[in-house]
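Here the structure is laid out as structure tokens; the discussion comes afterwards.
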Amino acid sequence: MMADLVSEPEPGFDAQLGGWLVSNATLKQDDLNRALKIRQENHDHEHLSAFLVKLGLVSDKSMAQALSDLLALPLANHDTYANIGLSVEMISPRFLKEYRVIPVDEDGDRIDLVMADPQDDYAARAVNMATGKSVSRLVGVPSDIEAAIDDLFGGGKSEMGQIFDDSDAVEEINEDDIEHLKDLASEAPVIRLVNMLINRAIEMGASDLHIESFENRLKISYRIDGVIHEVESPPNNLKAAVISRIKIMAKLNIAERRLPQDGRFKLRVHGKELDMRVSTIPTIYGESVVLRLLVKDSVVFGLSELGVTENNIRKINELLSLPHGMILVTGPTGSGKSTTLYTALNILNNGQRKIITVEDPVEYQVEGVNQIQVKPSIGLTFSSALRSIVRQDPDVIMVGELRDIETAKICVQSALTGHLVLSTLHTNDAAGSVTRLLEMGIDDYLLTSTLNAVVGQRLARVLCEHCKTSYTPDDTEIADLNLRRYTDNHDISLFHSVGCEKCNGSGYRGRVVIEELLIVNDRIRKLILGHADAGEIQKAAIEDNMNSMYGNGCLKALAGITTMEEILRVTQES
């Protein structure tokens with residue numbers, strides 16, 4: 013019997029592979045050219061597929077998909093590894109690990125072989141000779157193959173478990189011995205652990221990685237679609253070394269553990285460009301570290317992509333076309349306010365307007381926009397930067413957040429003198445931002461002259477399309493949720509989250525904006541001048557056809573985008 017041959021890649025295969033990766037937006041042309049140059053200069057004869065993964069320009073999952081398409085071979089999925097072939101007993105674990113292959117389904121004289129490199133004829137022939145069966149190749153993701161091999165021969169130990177074994181020799185650390193701490197933070201187990209934590213965060217689609225110090229353990233958790241998920245913890249004796257490793261990467265002072273510190277660093281992981289924001293705070297048992305993961309290439313700034321309804325998109329575009337005034341985006345921390353502001357900037361950034369921003373921090377760099385990072389330590393605050401900005405002849409000013417009365421007053425004055433001002437405010441709803449500004453000390457007559465609109469928003473998790481299931485709510489549930497108010501359909505259907513492999517068992521993948529748009533019209537202006545409370549303003553806005561966040565959420569739940577449980581979690585009925 014012989015192995016089914018995949019001929020040696022022709023000279024044009026590299027070009028086909030590069031073309032596929034670029035055309036599918038998996039790899040930038042500049043990065044491909046740079047990789048080819050490096051490989052040529054180093055006389056590296058490794059397959060381009062493995063070389064690009066090794067450089068971190070393409071993730072192993074994306075490369076597996078590319079090879080599957082180009083070589084017309086099946087791509088192994090999670091279920092494939094559930095049927096490990098009996099012939100695996102005839103092949104040494106060392107061979108399987110070295111060549112990253114694993115036999116799966118067997119049928120008579122044929123065996124399916126999942127391969128990280130399906131172009132490797134030597135590995136296929138070796139399995140053919142060991143088993144006496146013809147080999148049919150499948151493309152596998154290297155990490156999936158390695159996990160399957162570890163389950164078979166490694167006692168089922170996870171990657172974290174293997175790192176635990178490597179770290180057993182690490183003694184208790186004297187945190188005051190800074191040089192020793194630096195050395196430990198540069199050792200292989202610690203570097204592997206930190207890299208693995210960041211890799212997992214990317215794979216799971218996390219927005220934040222939390223590393224928290226407690227008396228007897230180091231707690232690791234990820235924020236995925238706005239919800240915290242705790243994962244396996246590393247050994248407590250690595251606590252100081254892990255935190256020091258991250259601080260070194262972010263160029264922070266590892267000797268300073270009494271004060272909060274902020275830093276950032278850049279990485280390329282799985283072919284994605286990452287901007288990592290690092291924040292540390294001192295706690296009674298050590299430091300707590302949070303890494304905010306900003307994946308540059310994956311962010312799409314578009315109102316429809318965010319999930320804003322068509323009616324509100326039309327109104328927002330009309331508001332952004334106004335030459336002056338102030339538009340606010342409001343909501344709690346983590347409600348997507350910054351992304352909405354960047355989306356507005358993207359709409360305004362057409363080369364015909366001068367745009368200047370003041371941010372803390374600058375989350376995304378936007379071509380054609382002058383962005384200022386505030387630095388309070390040298391006196392560059394929101395208010396001081398704004399005073400200088402107005403002398404730069406801008407058309408649009410974006411302020412990251414209205415934190416104090418001085419900044420708010422300058423923004424109002426700028427809106428009054430012919431500038432379009434965008435900013436955020438921390439309030440529960442759109443109407444609450446009006447009363448907040450009045451309480452801060454903004455004069456009511458100035459507010460009515462400058463405030464054009466307020467967008468209130470939350471983020472709700474989106475149902476996984478692969479496993480969501482519909483159900484018919486009973487009359488009691490329909491009445492309790494007041495659903496008849498939001499639909500003319502006689503038969504109402506809602507959806508449950510279930511959980512599957514595609515969504516890591518959560519039932520959700522991604523998030524969608526739940527928004528309300530309060531446009532300041534004459535009726536609202538009268539209420540502002542009369543210092544009406546937020547409830548009165550909210551009621552008037554709804555009577556003037558504003559759909560509340562709860563109502564907007566109900567529409568998205570009825571459309572099968574999310575669940576009513578999510579809407580009730582992030583909004584309140586109004």
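Residue numbers in the sequence shown follow the numbering used here, run continuously in steps of one, and reach 586 at the last position.
Yeah, the Cβ is synthetic: ideal placement off N, Cα and C, and Gly gets one too.
Beta-carbon to beta-carbon, residue 537 and residue 460 are separated by about 4 Å, close enough to satisfy the 8 Å threshold. Closest in alpha carbon position to residue 357, among 382, 373 and 343, is 382. Looking at the DSSP output, residue 225 shares a beta bridge with 230. Closest by C-alpha distance to residue 360, out of 347, 387 and 330, is 330. Comparing C-alpha distances from residue 270 to each of 293, 576, 215 and 529 shows the shortest one belongs to 293. With respect to residue 424, residue 340 sits apart: the two C-beta atoms are not nearer than 9 Å. In the DSSP annotation of this structure, the continuous segment of the beta strand (DSSP E) that includes residue 291 starts and ends at 284-295. When only Cα atoms are considered, residue 289 and residue 274 end up about 8 Å apart. One thing to note: residue 386 has its Cβ no nearer than 9 Å to the Cβ of residue 354. The beta carbons of residue 437 and residue 414 sit about 5 Å from each other, so the pair counts as a contact at 8 Å. Beta-bridge partners assigned by DSSP to residue 468: 342 and 528. Between residue 508 and residue 551 the beta-carbon gap is near 33 Å, outside 8 Å, which marks them as no contact.
Around the beta carbon of residue 470, a 10 Å sphere encloses 16 or more other beta carbons of the protein chains shown; the residue is thus reported as buried. Per DSSP, residue 558 lies in no alpha helix (DSSP H) segment and is marked neither H nor E. Ranking 455, 137 and 443 by CA distance to the CA of residue 530 puts 443 first. Runs of the beta strand (DSSP E) lying entirely within the stretch 97-121, each at least 3 residues long, are 113-119 in chain order. By the C-beta criterion, the stretch 221-239 is judged not to be in contact with the stretch 572-580, since fewer than 3 inter-stretch pairs fall below 8 Å. Under a 10 Å Cβ-count criterion, residue 49 is classified as exposed, with fewer than 16 other Cβ atoms of the shown protein chains found around its own Cβ.
Per the C-alpha coordinates, the member of 397, 111, 165 and 285 positioned closest to residue 62 is 111.
Sorting 410, 519, 32 and 563 by C-alpha distance to the C-alpha of residue 494 places 563 at the top. Straight through space, the alpha carbons of residue 218 and residue 304 are spaced by roughly 9 Å.
Between the alpha carbons of residue 327 and residue 53 lies a distance of about 55 Å. The residue from 152, 318 and 98 with its alpha-carbon nearest to that of residue 113 is 152. Taking 8 Å as the upper bound for CB-CB distance, residue 307 and residue 284 are in contact here, some 5 Å apart.
Exposure of residue 268 is indicated by the presence of fewer than 16 other C-beta atoms within 10 angstroms of its C-beta.
At a cut-off of 4 residues, the continuous stretches assigned as alpha helix (DSSP H) that sit fully inside the stretch 369-408 are 394-401. Between residue 349 and residue 441, the alpha-carbon positions lie close to 12 Å from each other. If you compare the alpha carbons of 334, 251 and 202 with that of residue 463, the shortest gap goes to 334. The stretch 250-258 and the stretch 36-51 do not touch, with fewer than 3 CB-CB distances between them shorter than 8 Å. Residue 143 carries a helical assignment under DSSP once its states are collapsed to helix, strand and coil.
Taking C-alpha positions only, residue 143 is separated from residue 31 by approximately 37 Å.
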